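*Asks:* Let me give you the structure first, and then I'll get to my questions.
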Amino acid sequence: MNFLKFTLISTKDDQMVDTAEEVALLNVDHIVSIKPIKIMLNEDLIDGYWLRMSNGKKYRCSSVPDAIMKFLK
Numbered sequence: 000m001n002f003l004k005f006t007l008i009s010t011k012d013d014q015m016v017d018t019a020e021e022v023a024l025l026n027v028d029h030i031v032s033i034k035p036i037k038i039m040l041n042e043d044l045i046d047g048y049w050l051r052m053s054n055g056k057k058y059r060c061s062s063v064p065d066a067i068m069k070f071l072k
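Residue numbers for the sequence shown follow numbering that gives the first Met the number 0, so the first one is 0 and each next one is one higher.
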């Protein structure tokens with residue numbers, strides 16, 4: 000298993016009013032795709048990433064590890 004630390008963005012509701020960032024360890028063997036996106040975070044537009052996992056779960060991230068960034072550049 001190969002775990003890396005990601006900063007996930009979670010919301011309380013669909014309107015993205017109360018957003019919070021939390022750190023999570025994700026198994027990179029289960030990542031299906033990573034897509035660069037723009038995310039509205041606390042009234043600021045930031046560069047973020049959309050992660051899709053093999054179990055169907057999707058995550059919005061404000062940062063990804065350097066090992067993943069080298070593939071995205």
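Just so it is clear, CB atoms sit at the ideal spot from N, CA and C, and this is done for glycine as well.
Just so we're clear, the structure is a prediction, and the values are computed from it rather than from any experiment.
Answer with buried or exposed for V63, where buried requires no fewer than 16 other C-beta atoms within 10 angstroms of its C-beta.
*Replies:* The count along the sequence shown starts at 1 and reaches residue 63 at position 64. So V63 ends up on the buried side.
*Asks:* Rounded to a whole number of angstroms, what is the C-alpha to C-alpha distance between C60 and H29?
*Replies:* Position 61 of the sequence shown, counted from the start, is the residue given in the question as residue 60. Position 30 of the sequence shown, counted from the start, is the residue given in the question as residue 29. Straight-line Cα distance between these residues: approximately 16 angstroms.
*Asks:* When burial is assigned at 16 or more other CB atoms within 10 Å of the CB, is G47 buried or exposed?
*Replies:* In the sequence shown, the residue the question calls residue 47 occupies position 48. Its Cβ being crowded by 16 or more others within 10 Å, G47 is buried.
*Asks:* Roughly how far, in whole angstroms, is the beta-carbon of V22 from the beta-carbon of K4, given that I think they are within contact range, below 8 angstroms?
*Replies:* Counted from its first residue, the sequence shown places residue 22 at position 23. Counted from its first residue, the sequence shown places residue 4 at position 5. Sure, about 6 angstroms apart at Cβ, within 8 angstroms.
*Asks:* Check whether the Cβ atoms of I67 and I33 sit closer than 8 angstroms, and answer yes or no.
*Replies:* Working through the sequence shown from its first residue, we reach residue 67 at position 68. Working through the sequence shown from its first residue, we reach residue 33 at position 34. Contact check for I67 against I33 passes: the beta carbons are separated by less than 8 angstroms.
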